[in-house]
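According to the UniProt record's numbering, the residues represented by the sequence shown are 1 to 125, in order.
Beta carbons are placed, not taken as given, at the ideal position from N, Cα and C, and that holds for glycine.
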Amino acid sequence: INLYFHVSSAEPVSKPSITAKCLRDNITLSCFSSQGSEVTYSWETLPPCGNDSCVHLGQTMEIHPLPPSESTSYVCAAQNPVSRATSDPVDLGVCSIPQPPGRGWVPILCPVTATLCLIGIIIIL
Numbered sequence: 001i002n003l004y005f006h007v008s009s010a011e012p013v014s015k016p017s018i019t020a021k022c023l024r025d026n027i028t029l030s031c032f033s034s035q036g037s038e039v040t041y042s043w044e045t046l047p048p049c050g051n052d053s054c055v056h057l058g059q060t061m062e063i064h065p066l067p068p069s070e071s072t073s074y075v076c077a078a079q080n081p082v083s084r085a086t087s088d089p090v091d092l093g094v095c096s097i098p099q100p101p102g103r104g105w106v107p108i109l110c111p112v113t114a115t116l117c118l119i120g121i122i123i124i125l
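Laid out in structure tokens, this is it:
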């Protein structure tokens, strides 16, 4: 009788971190655990939905289009055969960077006004 054993030693996973890539009304969330072997990733919503439809498998998750006034947070879980760790929650508001009113016009108007004044001075001379 020949017996064969397969022994693998998996390194425990570290607490994963989340990065968000924001492009218009799309968000791509990426999860990374700096330690661990044979790591698999999943995403869960907070608060939990109570069924599997709120779980996404994979290291990245794309959300598009963004739901208006979304209040759901997401956590990433990294796991392997010996351990499981969960990230801090991230809210979809991470991509919302409000602009102060009227501020977007200032960088455009100043150079245009300066250029028109310079052209006027050159014409007069």
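Under the three-state reduction of DSSP, leucine 57 is assigned to strand. When only Cα atoms are considered, glutamine 35 and threonine 60 end up about 17 Å apart. Among the bridge pairs identified by DSSP, valine 82 is matched with none. Taken through DSSP and simplified to helix, strand or coil, cysteine 49 comes out as coil. Between glutamate 62 and the set Ile1, Ile18, Pro81 and Leu29, the nearest pair of CA atoms involves Leu29. Excluding residues up to 5 positions away in sequence, Thr28 lie with their Cβ nearer than 6 Å to the Cβ of lysine 21 in the same chain.
The residues Val13, Ser33, Ala78, Gln79 and Asn80, in chain order, have a CB closer than 8 Å to that of valine 39 in the same chain once the five nearest residues on each side in sequence are set aside. Under the criterion of beta carbons closer than 8 Å, serine 87 and serine 42 do not qualify as touching, at roughly 11 Å. For leucine 92, the three-state secondary structure derived from DSSP is helix. Sorting His64, Pro47, Val75 and Leu46 by C-alpha distance to the C-alpha of glycine 58 places Val75 at the top.
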